[in-house]
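Q:
Protein chains: 2
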Amino acid sequence: MRKLYSYFRSSAAYRVRIALALKGADYLTVPVHLLRDGGEQHLPAFRALNPAELVPMLDDDGTLLTQSLAIIEYLDETCPGPALLPADPAGRARVRALAQSIACEIHPLNNLRVLAYLRDELGVSQAARDGWYRHWVEHGLAVVERQLAGDARTGRFSHGDTPTLADCCLVPQIFNALRFSCRLDGLPTALRIYEQCMQLPAFQSAAPERQPDAE
Amino acid sequence: MRKLYSYFRSSAAYRVRIALALKGADYLTVPVHLLRDGGEQHLPAFRALNPAELVPMLDDDGTLLTQSLAIIEYLDETCPGPALLPADPAGRARVRALAQSIACEIHPLNNLRVLAYLRDELGVSQAARDGWYRHWVEHGLAVVERQLAGDARTGRFSHGDTPTLADCCLVPQIFNALRFSCRLDGLPTALRIYEQCMQLPAFQSAAPERQPDAE
Numbered sequence: 008m009r010k011l012y013s014y015f016r017s018s019a020a021y022r023v024r025i026a027l028a029l030k031g032a033d034y035l036t037v038p039v040h041l042l043r044d045g046g047e048q049h050l051p052a053f054r055a056l057n058p059a060e061l062v063p064m065l066d067d068d069g070t071l072l073t074q075s076l077a078i079i080e081y082l083d084e085t086c087p088g089p090a091l092l093p094a095d096p097a098g099r100a101r102v103r104a105l106a107q108s109i110a111c112e113i114h115p116l117n118n119l120r121v122l123a124y125l126r127d128e129l130g131v132s133q134a135a136r137d138g139w140y141r142h143w144v145e146h147g148l149a150v151v152e153r154q155l156a157g158d159a160r161t162g163r164f165s166h167g168d169t170p171t172l173a174d175c176c177l178v179p180q181i182f183n184a185l186r187f188s189c190r191l192d193g194l195p196t197a198l199r200i201y202e203q204c205m206q207l208p209a210f211q212s213a214a215p216e217r218q219p220d221a222e
Numbered sequence: 008m009r010k011l012y013s014y015f016r017s018s019a020a021y022r023v024r025i026a027l028a029l030k031g032a033d034y035l036t037v038p039v040h041l042l043r044d045g046g047e048q049h050l051p052a053f054r055a056l057n058p059a060e061l062v063p064m065l066d067d068d069g070t071l072l073t074q075s076l077a078i079i080e081y082l083d084e085t086c087p088g089p090a091l092l093p094a095d096p097a098g099r100a101r102v103r104a105l106a107q108s109i110a111c112e113i114h115p116l117n118n119l120r121v122l123a124y125l126r127d128e129l130g131v132s133q134a135a136r137d138g139w140y141r142h143w144v145e146h147g148l149a150v151v152e153r154q155l156a157g158d159a160r161t162g163r164f165s166h167g168d169t170p171t172l173a174d175c176c177l178v179p180q181i182f183n184a185l186r187f188s189c190r191l192d193g194l195p196t197a198l199r200i201y202e203q204c205m206q207l208p209a210f211q212s213a214a215p216e217r218q219p220d221a222e
């Protein structure tokens, strides 16, 4: 049985939940609470499975997979269901680059552990940490907007008219931006695609508040 | 003609230079100086091509590609030469996850623009910025070491006995760690693989000091 080690609020886990739902792939959720008891991801039992002490991790019948984008590509290569990457190399590169514009340029700066370092090691105030968070989200999403709006390959979704890996990353990032009251004016294309995605049951069922460990 | 927009010290550009060299693919270097005149990546002429205002960017006969990992996968899919990803989905997922453990967990925190924000917006001292840099490199490489040392699929290189996308990411990260005097004890496997890579002409020719824009 496929098991996803997940935390409802982890946006990296959220990406994988969307991909699993788009593929129609069954799985059990194993909740890993990132805040309880100093973080369950640091427990020896979890660390023995994943030295990175991060969620998501997918256990596919004993094959352990980490890093959300790598997991999604694995699902695309091994599961039936709609393709999450285009067939042409240039299109695949574009979808991966859009995903990485979020997964490498925005999200790593706003992880829980980074915010904790700012607070505990550098003594950065709550207000300045909030400013940091919004800065990277707003700057990063403005880049994504230009990448989307300036390319004829953008369709109803980030690339063409079906959801891809890029949308699996875009939706959780917009969700976080909304949660932390980031400025979203100037993002008409990204928000249009977000709304389009949220019409689909796969995106709805993957949302944080629909998870078994939601609080 | 293939053109790589590169900066000799960019470790993301370094990754792509390694992949191009492993593939034996010819290209012209277009230097983009990230520090001169406030950063040439912000010039309107470059920004019009790449809204992210980042290097590397590959121009493959008019197809513009961004994000180093996406570019390397594109090269692997379109160029002859040795494969940079294994054939089996689980192996591909492992190589991608190793690459992303560097490209998503370490490198984004130590970008020039992040260090500039710490200095200019948060007033973080040089000593504390150096501590930040070393913290994320040392923590992140310790994770990579455990991922490498604890998996029988690690061979002469990060995955098996030929270089992959994972090695394209590992070498520039170790190079940076050496440059910034990070602690590297406790990384016997990562350092062994680094030394192994640096025996190969492809890794040697991609090094920062060998680039036309090296200072």
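Listed in order, the protein sequences are those of chains A and B. Residue 8 is where the first sequence starts when you use my numbering, and the numbers rise one by one after that. Residue 8 is where the second sequence starts when you use my numbering, and the numbers rise one by one after that. Beta carbons are placed, not taken as given, at the ideal position from N, Cα and C, and that holds for glycine.
Note the first and the last residue of the continuous beta strand (DSSP E) segment covering Tyr12 (chain A).
A: Looking at the DSSP string, the run of the beta strand (DSSP E) that includes Tyr12 (chain A) is Arg9 to Ser13.
Q: Among residues of its own chain, excluding the 5 on either side of Leu41 (chain B), which ones have a beta-carbon nearer than 8 Å to its beta-carbon?
A: Tyr14, Arg16, Ser17, Glu47, Gln48, Val62 and Leu119
Q: Using a beta-carbon distance cut-off of less than 7 Å, what residues from the segment 154-165 of chain A approach chain C?
A: This model lacks chain C altogether; the protein chains it does include are A and B.
Q: Check whether the segment 138-150 of chain A touches the segment 179-188 of chain A, counting contact only when three or more Cβ pairs, one atom from each stretch, lie closer than 8 Å.
A: yes
Q: Touching or not, the segment 127-136 of chain B and the segment 184-191 of chain B, by the rule of three or more beta carbon pairs under 8 Å?
A: no
Q: I need the straight-line Cα distance from Gly98 (chain A) to Leu191 (chain A), nearest angstrom please.
A: 27 Å
Q: Between B:Pro170, B:Asp95 and B:Glu112, which has its C-alpha nearest Gly88 (chain B)'s C-alpha?
A: B:Pro170
Q: Thinking C-beta only, is Cys176 (chain A) closer than 7 Å to Ile109 (chain A)?
A: yes
Q: Below 7 Å between beta carbons: does that hold for Ile25 (chain A) and Phe210 (chain A)?
A: yes
Q: Contact defined as beta carbons within less than 8 Å: I believe Leu92 (chain B) pairs with Leu172 (chain B). What is the distance between those atoms, to the nearest angstrom?
A: With a beta-carbon spacing of about 6 Å, Leu92 (chain B) and Leu172 (chain B) fall inside the 8 Å limit used to define contacts.
Q: Considering only C-alpha positions, which residue in the set B:Arg153, B:Glu152, B:Tyr124 and B:Ala90 is nearest to Trp139 (chain B)?
A: B:Tyr124
Q: Note down, in chain order, every chain A residue with its Cβ under 8 Å from the Cβ of Pro115 (chain B).
A: Cys111, Glu112, Pro115 and Leu116
Q: Between B:Leu116, B:Val37, B:Asp220 and B:Ala94, which has its C-alpha nearest Gly167 (chain B)'s C-alpha?
A: B:Ala94
Q: Using the beta-carbon count (16 or more within 10 Å), is Gln218 (chain B) buried or exposed?
A: With 16 or more neighbouring CB atoms inside 10 Å of its own CB, Gln218 (chain B) falls in the buried class.
Q: Along the chain, where does the alpha helix (DSSP H) that runs through Met205 (chain B) open and close?
A: Counting along the chain, Met205 (chain B) falls outside any alpha helix (DSSP H), and DSSP gives it neither H nor E.
Q: Going by Cα to Cα distance, which pick from A:Leu198, A:Met8 and A:Arg22 is closest to Ser212 (chain A)?
A: A:Arg22
Q: Is it right to say Glu80 (chain B) is buried, meaning 16 or more other beta carbons lie within 10 angstroms of its own, or is it exposed?
A: buried
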